[in-house]
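Undergrad:
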Amino acid sequence: MSDHPVLHVKGAILVGRDEVRDELWVVGGRITYDRPAGARDITTVDGWALPGLVDAHCHVGLGPHGPVDRDTAHRQALTDREAGTLLIRDAGSPSDTRWIDDRDDLPKIIRAGRHIARTRRYLRGYAHEIEPDDLVGYVAQEAARGDGWVKLVGDWIDRDLGDLSACWPRGPVEAAITEAHRLGARVTAHCFAEDALRDLVEAGIDCVEHATGLTDDLIPLFVERRVAIVPTLVNIATFPDLAAGGDAKFPRWSAHMRRLHARRYDTVRSAYDAGIPVYVGTDAGGTLPHGLVAAEVAELVTAGIPAPEALAATTWAARDWLGRPGLTEGAPADLVVYPTDPRVDVRVLAAPTRVVVNGRVVG
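Residue numbering for the sequence shown follows the working numbering, beginning at 1252 and increasing consecutively.
1. Opposite residue 1336 in the DSSP bridges: which residues?
2. Within 10 Å of its beta-carbon, does residue 1595 have 16 or more other beta-carbons around it, so buried, or fewer, so exposed?
3. Could you name each continuous alpha helix (DSSP H) segment of 4 residues or more that falls completely within the region 1345-1411, going from the start of the chain to the end?
4. Have a look at 1427, 1429, 1538 and 1407 and flag the residue whose alpha-carbon is nearest the alpha-carbon of residue 1508.
5. Does the contact criterion of 3 or more C-beta pairs under 8 Å hold for the region 1324-1332 versus the region 1547-1562?
6. Helix or strand or just coil, what does DSSP make of residue 1460?
7. Apart from the five residues on each side of it in sequence, which residues of its chain come closer than 8 Å, Cβ to Cβ, to residue 1258?
8. Looking at residue 1324 and residue 1311, is the spacing between their C-beta atoms short of 8 Å?
9. Quick one: residues in its chain with C-beta nearer than 6 Å to the C-beta of residue 1576, no 5 flanking neighbours on either side, listed in chain order?
10. Return helix, strand or coil for residue 1556, following the three-state DSSP convention.
11. Within its chain, find whatever has a CB closer than 7 Å to the CB of residue 1549; leave out the 5 residues flanking it on each side and keep chain order.
12. Do residue 1604 and residue 1298 come within 8 Å of each other at the CB atom, strictly closer than that value?
13. Would residue 1316 be called buried (16 or more neighbouring beta carbons within 10 Å of its own) or exposed?
14. By the DSSP assignment, the alpha helix (DSSP H) with residue 1525 in it spans what residues?
15. Look at residue 1373 and residue 1404 and say whether their C-beta atoms are less than 8 Å apart.
16. Rounded to the nearest angstrom, what separates residue 1444 and residue 1487 at their Cα positions?
17. I'd like to know whether the C-beta atoms of residue 1531 and residue 1565 end up nearer to each other than 8 Å.
18. For residue 1252, which of helix, strand or coil comes out of DSSP?
19. Nearest to residue 1352 by CA position, among 1414, 1320, 1398 and 1554, is which residue?
20. Count the C-beta pairs between the region 1378-1391 and the region 1471-1489 that are closer than 8 Å, then say yes if the count reaches three, no if not.
21. Please classify residue 1253 as buried or exposed, where buried requires at least 16 neighbouring CB atoms within 10 angstroms.
22. Is it right to say residue 1349 is buried, meaning 16 or more other beta carbons lie within 10 angstroms of its own, or is it exposed?
23. Here's the rule I'm using: 16 or more other beta-carbon atoms within 10 Å means buried, otherwise exposed. How should residue 1289 be labelled?
24. By a C-beta neighbour count over all protein chains shown, 10 Å radius and 16 as the cutoff for buried, is residue 1340 buried or exposed?
25. What does a CB cutoff of less than 6 Å around residue 1635 pick up in its chain, not counting 5 residues either side in sequence?
26. Can you tell me whether residue 1260 is buried or exposed, with buried defined as 16 or more other CB within 10 angstroms of its CB?
27. Would you give the residue range spanned by the alpha helix (DSSP H) that residue 1658 belongs to?
28. Please work out which residues of its chain come closer than 6 Å, Cβ to Cβ, to residue 1541, disregarding the five sequence neighbours upstream and downstream, and give them in chain order.
29. If distances are taken between C-alpha atoms only, which option among 1360, 1415 and 1314 comes closest to residue 1464?
30. So residue 1528 and residue 1572 are in contact, right, with Cβ under 8 Å, and what is the actual spacing, rounded?
31. Pick out whichever of 1274, 1521 and 1363 has its Cα sitting closest to the Cα of residue 1431.
32. Give me the Cα-Cα distance between residue 1281 and residue 1569, rounded to the nearest whole angstrom.
33. Name the one or two DSSP bridge partners that residue 1440 has.
34. For residue 1466, is the classification buried or exposed, using 16 other Cβ atoms within 10 angstroms of its Cβ as the cut-off for buried?
35. Alpha carbon to alpha carbon, what distance is there between residue 1291 and residue 1483?
36. Compute the Euclidean distance between the alpha carbons of residue 1456 and residue 1256, then round it to the nearest angstrom.
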């Protein structure tokens, strides 16, 4: 017990959307709602406590040109931790970040292996670049390397077409998703545009990243199949600048990117209103900085999702979806404390007063 000081967190413990407790204790790095008998040297923390925030689309170990060194990956993870992100679904990374699992002061990571992309149809240095005949084999390989997820690049610019287009034929992607499920892994896919979505969903995809191409005719299919989306609106905000850079060479692509950006909030709100599960993800890594989780929650609210539900998308609902505990009896004490009620104003997420990882106050 000397390695894990006893904490007493009191005020408002937001165990769930509708469950609030007055206090919890942390003993041996784990949560309990029973006052520990005979405890001494107790540290008390006051405020509004949430489970450690979830970034369901993040890339630790990825930089603008591909893999980064360990020191850089460490700084990325620390930046996320200081923002209150204590659970990351790493949606594709070329770096081996398993060393983070041995650290009890850094966020926990659920990995999707390395991106799997079509040859010359993605950012250089990020992905395995392969052809459709090899898709099943690479999906099986990354299912073994990941933590229950595999990441496909579902569409990207086709330079001959001059616009976004689907990367994979229906047959190979259906076989690959079937193989991933057989191996116990879920599959997600990067998708900006419209034309890859129906095949991916009908083939059994579990999640779509970005989903800016989601249209009204596709929404019922997503609802029927319970396919989640992670909109990454802080990333979609970069579309106008990307489009401006492509005006001269790829004007069709640039115009498409502007249209997707212009309707981004309507797309997310329509998905939420229809019952499609929506989760928080920032797409940090690559070209975006880490530590943007509060900004992404605020973007979901701007899109029209009620504040308590936007909060759930980075806390209770997100942890349930990923199969990780929140503020439950016996769970690892990963929590974040705020000075005011984040259900009322999510902007408070940008200023945590305490960050606790595995029972230790680290920020």
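Cβ coordinates follow ideal geometry from the N, Cα and C atoms, glycine included.
TA: Result, derived from the coordinates:
1. 1304
2. exposed
3. 1386-1396
4. 1407
5. no
6. strand
7. 1276, 1277, 1293, 1294, 1295, 1296, 1584, 1607, 1610 and 1612
8. yes
9. Excluding residues within five positions, the ones whose Cβ falls inside 6 Å are 1582.
10. coil
11. 1597 and 1598
12. yes
13. exposed
14. 1515-1525
15. yes
16. 12 Å
17. yes
18. In this prediction, residue 1252 scores a pLDDT of 39, lower than 50, which makes its location untrustworthy; the coordinate-derived value is nonetheless stated afterwards. DSSP places residue 1252 outside both helix and strand once states are collapsed to three, so it counts as coil.
19. Nearest of 1414, 1320, 1398 and 1554 to residue 1352, Cα basis: 1398.
20. no
21. Residue placement at residue 1253 cannot be trusted, given a pLDDT of 44 that sits under 50; the coordinates are not used to answer.
22. exposed
23. exposed
24. Buried: at least 16 other Cβ atoms inside 10 Å.
25. Because the chain here runs from 1252 to 1614, residue 1635 falls outside it and cannot be looked at.
26. buried
27. Because the chain spans 1252 through 1614 in this model, residue 1658 falls outside it and cannot be assessed.
28. 1327, 1330, 1331 and 1535
29. The shortest Cα separation from residue 1464 among 1360, 1415 and 1314 belongs to 1415.
30. So it is a contact: roughly 7 Å between Cβ atoms.
31. Checked all of 1274, 1521 and 1363; the closest Cα to residue 1431 is 1363.
32. Here the C-alpha atom of residue 1281 lies approximately 20 Å from the C-alpha atom of residue 1569.
33. The partner list for residue 1440 (beta bridge, DSSP) reads 1403 and 1459.
34. The residue is exposed, with fewer than 16 neighbouring Cβ atoms inside 10 Å.
35. 44 Å
36. 43 Å
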